[in-house]
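For reference, the structure is listed below as structure tokens.
Residue numbers (the UniProt record's numbering): 1 to 252.
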């Protein structure tokens, strides 16, 4: 099967956005529009999600990282700046550990180094049970509401639900298993590239201890905490999000 479907616009240094669980490339529309004048922006759909819902979902974070790196290899891209959100932040950590010379700058957004997330709004086993009982669309409506400070009333919630509902059930279940089995803590001291850890102060998925672990264990890390936001800062306060990213990505 051909490589992953993706969105791509702009020119300049390559900037890759990796979405998270029940996400898709379409969630990065505002970021593509904002950064395409300065960067060659690429947003892949992970296997089984978004526009890649016809693909078999990956059983591990390592396989997801390999899928994104495989796409970049197909496109002839040897080095890039990398942004990963949520589960995509785990994938980004794995990509950076696997190809440290390729990742020139790293943004770990709303994520942590431990897939079995302590203090998550609900245990992953509960999410599995509810997914089996309720299906993908009900799951993204329920879980997605926790990703916004304003819950289901947030302006970005309908887009998130629309994208998330496209995921195939196998990939949705496999994604939960992949997260639960992944632990990237040992690799953190080896991530030597400049890294931005970005977090919404009311995030119910990745709590402060996870974020602090990234910030304190990655050698060249800096931290940005966005007040009044939860897990979807890019949809809750896009202007703020873009300003923080732009400052870091263009830093000399």
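Backbone N, C-alpha and C define an ideal beta-carbon position, used for all residues, glycine too.
Cα separation between residue 11 and residue 64? Those two C-alpha atoms are separated by around 26 Å.
Bounding residues of the alpha helix (DSSP H) (the contiguous stretch that carries residue 261): One cannot answer for residue 261 here, as it falls past the ends of the chain, which runs 1 to 252.
Here's the rule I'm using: 16 or more other beta-carbon atoms within 10 Å means buried, otherwise exposed. How should residue 250 be labelled? Classification of residue 250: exposed, given that the 10 Å Cβ count is below 16.
Name the DSSP beta bridge partners of residue 106, please? 82, 195.
From residue 289 to residue 51, what does the alpha carbon distance come to, in whole angstroms? This structure cannot settle anything about residue 289, because the visible part of the chain is limited to 1 through 252.
Residue 110 beta carbon less than 8 Å from that of residue 255: Here the chain covers residues 1 to 252 and nothing more, so residue 255 does not appear.
What residues in its chain sit with their C-beta under 8 Å from that of residue 237, if we drop five residues either side in the sequence? Annotation for residue 237: 226, 228, 229 place their beta carbon closer than 8 Å to its own, counting only its chain and skipping 5 residues before and after.
Is it the case that the Cβ atoms of residue 185 and residue 118 are separated by a distance below 8 Å? Cβ distance not < 8 Å, so residue 185 and residue 118 don't count as in contact.
For residue 104 and residue 60, what's the separation of their Cα atoms in angstroms? Straight-line measurement puts the Cα of residue 60 at about 24 Å from the Cα of residue 104.
Tell me the DSSP secondary structure of residue 200 in three-state form. DSSP places residue 200 in the strand class (E or B) of the three-state scheme.
Take residue 273 and list the residues in its own chain whose beta-carbon comes closer than 7 Å to its own, dropping the five residues that flank it on each side. With the chain represented from 1 up to 252, any question about residue 273 goes unanswered, as that position is not in the structure.
Based on the DSSP output, what are the partners of residue 278 in its beta bridges? Any answer about residue 278 is impossible in this case: the structure gives the chain only from 1 up to 252.
Between residue 100 and residue 217, what straight-line distance do the alpha-carbon atoms span, to the nearest angstrom? Cα-Cα distance, rounded: 16 Å.
Rounded to whole angstroms, what's the CA-CA distance from residue 201 to residue 209? Just pull it up for me. Rounded to whole angstroms, the separation of the alpha carbons of residue 209 and residue 201 is 12 Å.
Are the Cβ atoms of residue 84 and residue 41 separated by less than 8 Å? The Cβ-Cβ distance between residue 84 and residue 41 does not fall below 8 Å.
Roughly how many angstroms lie between the CA atoms of residue 242 and residue 34, to the nearest whole one? Rounded to whole angstroms, the separation of the alpha carbons of residue 34 and residue 242 is 7 Å.
In or out: residue 58 buried (at least 16 other Cβ within 10 Å) or exposed? Classification of residue 58: buried, given that the 10 Å Cβ count is 16 or more.
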